[in-house]
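Positions in the sequence shown are counted from 1; adding 36 to them yields our numbering. Using N, Cα and C, we set each Cβ at its ideal position, and we do this for glycine too. This structure is a prediction, so every number in the text was calculated from the model and none was measured. Scroll down for the structure; my scribbles are underneath it.
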Amino acid sequence: MTDPFLPFSAGTQPVALRASATLRVALAAFVVLCAAAVAAGAAALPGRFMDQTGAMLVGMLSGAYLASVARRTSASRVPAALRIEAGSGALAVFDRGGRRVAFGPVVACTQWADCLLVFAIARERGRPVPFVVPADALDARAFRALSVYGRQATHG
Numbered sequence: 037m038t039d040p041f042l043p044f045s046a047g048t049q050p051v052a053l054r055a056s057a058t059l060r061v062a063l064a065a066f067v068v069l070c071a072a073a074v075a076a077g078a079a080a081l082p083g084r085f086m087d088q089t090g091a092m093l094v095g096m097l098s099g100a101y102l103a104s105v106a107r108r109t110s111a112s113r114v115p116a117a118l119r120i121e122a123g124s125g126a127l128a129v130f131d132r133g134g135r136r137v138a139f140g141p142v143v144a145c146t147q148w149a150d151c152l153l154v155f156a157i158a159r160e161r162g163r164p165v166p167f168v169v170p171a172d173a174l175d176a177r178a179f180r181a182l183s184v185y186g187r188q189a190t191h192g
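Take a look at the structure:
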């Protein structure tokens, strides 16, 4: 499960991440919920244009806009691979272009059942970078190994 475009150091290989269907469904549900909220808010406005049809139109337009923004930003922000550095134990996260978007020690790890891991990766300055790994982005064995790594990294 490695990608040839990613740089790797001796003894470690990056683990490729698949696109998560679970996160896509959740994102779509949030877009629909936001569009419905905009439509409900528009329906409450007084005036001739804001009847039921106008409110539905405003809701559909806002939903289409939110969907396009969500698609564009999620495509550029979803990590493609991760790698645990052999010497330091730091976690490196790479985007689809092979650029390293986060690198550092794991300072916090939260696991929600066998569904989701959330890491906080320390930076040199500023707040830690959050990194979400859904279970369907990896095979089960790699997900378990990553959860063990997260627990060990945060508890010493």
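- Residue 69 counts as exposed, since fewer than 16 other beta carbons sit within 10 angstroms of its beta carbon.
- For residue 145, there is no enclosing alpha helix (DSSP H); the enclosing beta strand (DSSP E) has its first and last residue at 142-148.
- By the Cβ test, the stretch 109-123 is not in contact with the stretch 146-153, since fewer than three Cβ pairs between them sit closer than 8 Å.
- Per the Cβ contact rule, the stretch 86-97 is not in contact with the stretch 56-65 (fewer than 3 Cβ pairs under 8 Å).
- When DSSP reads this structure, residue 91 sits in no beta bridge, so it has no partner.
- Taking each of 183, 186, 172 in turn and checking the Cα distance to residue 57, the smallest one comes out for 172.
- Annotation: the continuous alpha helix (DSSP H) that includes residue 79 extends over 57-79.
- Here residue 114 carries a coil assignment [DSSP, helix/strand/coil].
- Rounded to the nearest whole angstrom, the CA to CA distance from residue 111 to residue 134 is 14 Å.
- Residue 127 holds the alpha-carbon nearest to the alpha-carbon of residue 165 among 132, 116, 127, 109.
- Of the candidates 175, 72, 187, 67, the residue whose Cα lies closest to the Cα of residue 55 is 175.
- Looking only at 189, 132, 178, the smallest Cα-Cα distance to residue 158 is reached by 189.
- Per DSSP, reduced to three states, the secondary structure at residue 159 is coil, with no helix or strand assignment.
- Here residue 103 has 67 as same chain residues with Cβ atoms under 6 Å from its own Cβ, once five neighbours each way along the sequence are excluded.
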